[in-house]
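Presented below is the structure to which this report refers.
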Amino acid sequence: MSAFFAADLPVLFAALAAFCVNIYVLADGFDLGVGMLFLLAPRNEDRDLMMASIEPVWDSNETWLVMGGTLLLTAFPAGYYVLLPAFYLPVMFMLFALIFRGIAFEFRLQAGEFRWIWDIAFAGGSLLATLCQGLILGSLINGVTIENGIFAGGTFDFVSLLGLACGAGLVGGYALLGAGWLIWKTDGPTQVFAREIAHSALILTSGMMLAVSGWSAWSVPEVAARWFAWPNIAFLAPVPSLTVAALLTIWRRIWIGREAEVFLLALVIFLLGFGGLVVSLWPYVVPRQITIWNGAADPQTLAFAGTGLMIVIPIVLAYQAHAYWVFRGKTRHHSGNRYVTQALPESE
Numbered sequence: 287m288s289a290f291f292a293a294d295l296p297v298l299f300a301a302l303a304a305f306c307v308n309i310y311v312l313a314d315g316f317d318l319g320v321g322m323l324f325l326l327a328p329r330n331e332d333r334d335l336m337m338a339s340i341e342p343v344w345d346s347n348e349t350w351l352v353m354g355g356t357l358l359l360t361a362f363p364a365g366y367y368v369l370l371p372a373f374y375l376p377v378m379f380m381l382f383a384l385i386f387r388g389i390a391f392e393f394r395l396q397a398g399e400f401r402w403i404w405d406i407a408f409a410g411g412s413l414l415a416t417l418c419q420g421l422i423l424g425s426l427i428n429g430v431t432i433e434n435g436i437f438a439g440g441t442f443d444f445v446s447l448l449g450l451a452c453g454a455g456l457v458g459g460y461a462l463l464g465a466g467w468l469i470w471k472t473d474g475p476t477q478v479f480a481r482e483i484a485h486s487a488l489i490l491t492s493g494m495m496l497a498v499s500g501w502s503a504w505s506v507p508e509v510a511a512r513w514f515a516w517p518n519i520a521f522l523a524p525v526p527s528l529t530v531a532a533l534l535t536i537w538r539r540i541w542i543g544r545e546a547e548v549f550l551l552a553l554v555i556f557l558l559g560f561g562g563l564v565v566s567l568w569p570y571v572v573p574r575q576i577t578i579w580n581g582a583a584d585p586q587t588l589a590f591a592g593t594g595l596m597i598v599i600p601i602v603l604a605y606q607a608h609a610y611w612v613f614r615g616k617t618r619h620h621s622g623n624r625y626v627t628q629a630l631p632e633s634e
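This is how it looks when you write it as structure tokens:
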């Protein structure tokens, strides 16, 4: 194996890891958002419709979370062994929250008198999972304590004001994705509810993005230097500019735009935000401690894992795209208490 190829492998796997995390955030973000909006819906019929709209695809969305974690362990073991103990509690709480959401999908439809319990489990699990992801993100930006190559911080080091701000931002962002999804996939009173709640979600998202960006630049000098040093500021200025443009466009399109526009523009905002995060943290797998080259596995392991990924990722993308295609169209009441996603043009 050539030295040039061996040096490029960690970069390739870092890109693959970023791809998996990004797909997870985009795909699972909207169904977590729908879950967080669940108890705010005014009618039980709205909640039935909301759950039915994501039921065909929610489990495949979480495939990317498993793949991202496995990829981190395989490709960057040094980073994995530092980050896992640092984020052990929020990761465990997030996994339990996702489990409760999965159980709620199965039990809520069959429940009668105690359906409210599963409503709370579904909404609470969605909120808890989102907050845990925000705490992890805030800790990544702040950095973790390492001594002799291992995590040396405290159990609750992941709790910080920046992490709480990131959690609030993700709550707003996922809620915006969820509202955009409901605007696209439902109609009638449920769609009206989604349009109304999208305004509040957009305001929270905008405020927290501004707060997190300013706080990160103020509290982490390396982040400020990356963004504001010349000539970086000239090359990176389009990222915040496009983000502001997308946020303003969503505000105008909530009521007058095409039904898919709010959802698609929310995806663009997350892509831009993720791009900004990559700029702030590059080239570290553990921020300002372990680079992707220092933390990568040996070239033989990377080559072996890469061969498997070349097979697995296209298959996952194909079956997920097929699922979305099969269940395209509006989710509507079908018969009795059933709701189905009709594979029909939205105009029908």
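When you read off a place in the sequence shown, starting at 1, and then add 286, the result is the number in the working numbering. Where is the CB? At the ideal position from N, CA and C, for every residue including glycine.
- Message: Quick check on the DSSP output: the beta strand (DSSP E) that includes Tyr343 runs from which residue to which?
- Response: Counted from its first residue, the sequence shown places residue 343 at position 57. The sequence shown places Val at residue 343, not Tyr. If you look at Val343, you'll find it isn't in any beta strand (DSSP E); DSSP assigns it neither H nor E.
- Query: Excluding five sequence neighbours on each side, which residues of the same chain lie with their C-beta closer than 7 Å to the C-beta of Gly439?
  - Reply: Against the sequence shown, residue 439 aligns to sequence position 153. So the list reads Ala372, Val430, Thr431, once near-sequence residues are dropped.
- Would you mind working out which of Asp443, Ala301, Phe556, Arg401 sits nearest Leu375, comparing C-alpha positions? Within the sequence shown, residue 375 is the residue found at index 89, counting from 1. Here the closest residue by C-alpha is Asp443.
- Query: If you follow the alpha helix (DSSP H) that Val478 is part of, which residue opens it and which one closes it?
  - Reply: Position 192 of the sequence shown, counting from 1, holds the residue named residue 478. For Val478, the enclosing alpha helix (DSSP H) starts and ends at 475-505.
- Val571, enclosing beta strand (DSSP E) - first and last residue: Here residue 571 refers to the residue found at position 285 of the sequence shown. Residue range 570-572 is occupied by the beta strand (DSSP E) that includes Val571.
- Proximity to Leu567 [Cα-Cα], best of Gly474, Val352, Ala503, Arg401: Within the sequence shown, numbered from 1, the residue matching residue 567 stands at position 281. The shortest C-alpha separation from Leu567 is found at Ala503.
- Query: Ordered along the chain, which non-local residues of its own chain (more than five positions away) have a Cβ less than 6 Å from that of Val297?
  - Reply: In the sequence shown, counting from the first residue as 1, residue 297 sits at position 11. Cβ within range, chain order: n/a, list empty.
- Task: Hey, could you find the ends of the alpha helix (DSSP H) Ala361 is sitting in?
- Result: Position 75 of the sequence shown, counted from the first residue, corresponds to residue 361. Going by DSSP, Ala361 is part of the alpha helix (DSSP H) stretching over 349-361.
- Item | Whether Leu318 touches Thr416 by CB criterion (8 Å) | Residue mapping note: residue 318 aligns to position 32 of the sequence shown, counting from 1. Residue mapping note: residue 416 aligns to position 130 of the sequence shown, counting from 1. Taking 8 Å as the Cβ cut-off, Leu318 and Thr416 qualify as a contacting pair.
- Query: So, are the CB atoms of Val458 and Ala487 less than 8 Å apart?
  - Reply: One-based indexing of the sequence shown puts residue 458 at position 172. One-based indexing of the sequence shown puts residue 487 at position 201. For the record, residue 458 in the displayed sequence is Gly; it is not Val. Their beta carbons are under 8 Å apart, which means Gly458 touches Ala487 by this criterion.
- Please state whether DSSP places Thr472 in a helix, a strand or coil. On the sequence shown, position 186 is the one that residue 472 refers to. The three-state reading of DSSP puts Thr472 in coil, since its state is none of H, G, I, E or B.
- Query: Do you know offhand how far Ala523's Cα is from Phe393's?
  - Reply: Here residue 523 is taken as the residue at index 237 of the sequence shown, counted from 1. Here residue 393 is taken as the residue at index 107 of the sequence shown, counted from 1. Ala523 and Phe393: Cα-Cα distance of roughly 48 Å.
- Buried/exposed call for Asp294, threshold 16 Cβ in 10 Å: In the sequence shown, counting from the first residue as 1, residue 294 sits at position 8. Result: exposed.
- Item | Stretch-stretch touch, CB-based, cutoff 8 Å, three pairs: the region 498-515 with the region 560-580 | Contact holds: three or more Cβ-Cβ distances are below 8 Å.
- Query: If Ala465 sits next to Gly321, beta carbons under 8 Å apart, how far is it from one beta carbon to the other, in whole angstroms?
  - Reply: Counting from one through the sequence shown, the residue named residue 465 turns up at place 179. Counting from one through the sequence shown, the residue named residue 321 turns up at place 35. No, Ala465 and Gly321 are not in contact; Cβ-Cβ is about 12 Å, not under 8 Å.
- Message: Would Leu588 and Phe299 qualify as a contact pair, given that the criterion is a beta-carbon distance under 8 Å?
- Response: Stepping through the sequence shown from its first residue, residue 588 is reached at position 302. Stepping through the sequence shown from its first residue, residue 299 is reached at position 13. It is a contact, given that the beta carbons lie within the stated cut-off.
- Message: Tell me the DSSP secondary structure of Arg512 in three-state form.
- Response: Start at 1 with the first residue of the sequence shown, and residue 512 comes out as number 226. The three-state secondary structure of Arg512, taken from DSSP, is helix.
- Neighbourhood of Ser621 by C-beta distance below 7 Å, restricted to the same chain and skipping five residues each side: Mapped onto the sequence shown, residue 621 falls at position 335. Model confidence at Ser621 stands at a pLDDT of 49, short of 50, so the residue's coordinates are unreliable; what they give is reported in the following sentence. None.
- Query: Under the rule that 16 or more other beta-carbon atoms within 10 Å means buried, what is Asn428, buried or exposed?
  - Reply: Along the sequence shown, read from residue 1 onward, the residue named residue 428 stands at position 142. With 16 or more other Cβ atoms within 10 Å, it is buried.
- Task: Give me whichever residues DSSP pairs with Ile576 in a beta bridge.
- Result: Numbered from 1 along the sequence shown, position 290 holds the residue referred to as residue 576. As DSSP reads the structure, Ile576 sits in a beta bridge with Val572.
- Query: How long is the line joining the alpha carbons of Asn580 and Ile519, rounded to whole angstroms?
  - Reply: Here residue 580 corresponds to residue number 294 of the sequence shown, with the count starting at 1. Here residue 519 corresponds to residue number 233 of the sequence shown, with the count starting at 1. About 28 Å.
- Query: Where do the N-terminal and C-terminal ends of the alpha helix (DSSP H) with Gln586 fall, by residue?
  - Reply: Reading the sequence shown from its first residue, position 300 is the one you call residue 586. First-last of the alpha helix (DSSP H) with Gln586: 585-612.
- For Pro328, count neighbouring C-beta atoms within 10 Å of its own C-beta (all shown protein chains included) and say buried if the count is 16 or more, exposed if not. Reading the sequence shown from its first residue, position 42 is the one you call residue 328. Pro328 should be labelled exposed.
- Task: Give the secondary structure of Arg387 by DSSP, where H, G and I count as helix, E and B as strand, and everything else as coil.
- Result: The residue labelled residue 387 in the question sits at position 101 within the sequence shown. DSSP places Arg387 in the helix class (H, G or I) of the three-state scheme.
- Item | Phe556 (DSSP reduced to helix, strand or coil) | Along the sequence shown, one-based indexing puts residue 556 at 270. DSSP places Phe556 within a helical segment (H, G or I) once states are collapsed to three.
- Which residues in the same chain as Gln606 place their Cβ atom closer than 6 Å to its Cβ, once the five residues preceding and following it in sequence are excluded? Position 320 of the sequence shown, counted from the start, is the residue given in the question as residue 606. Excluding positions up to five away in sequence, the list reads Ser346.
- Euclidean distance between Cα positions of Val554 and Arg401: On the sequence shown, position 268 is the one that residue 554 refers to. On the sequence shown, position 115 is the one that residue 401 refers to. CA-to-CA, the gap between Val554 and Arg401 works out to about 36 Å.
- Close Cβ partners of Ala390 (< 6 Å) along its chain, the five nearest in sequence each way excluded: The residue you call residue 390 lines up with position 104 of the sequence shown. For Ala390, where only same-chain residues beyond five positions count, the Cβ hits under 6 Å are Trp404, Ala407, Phe408.
- Go to Thr529, then tell me how far its alpha helix (DSSP H) extends in each direction, as first and last residue. By one-based count along the sequence shown, residue 529 stands at place 243. Where Thr529 is concerned, the enclosing alpha helix (DSSP H) stretches over 524-542.
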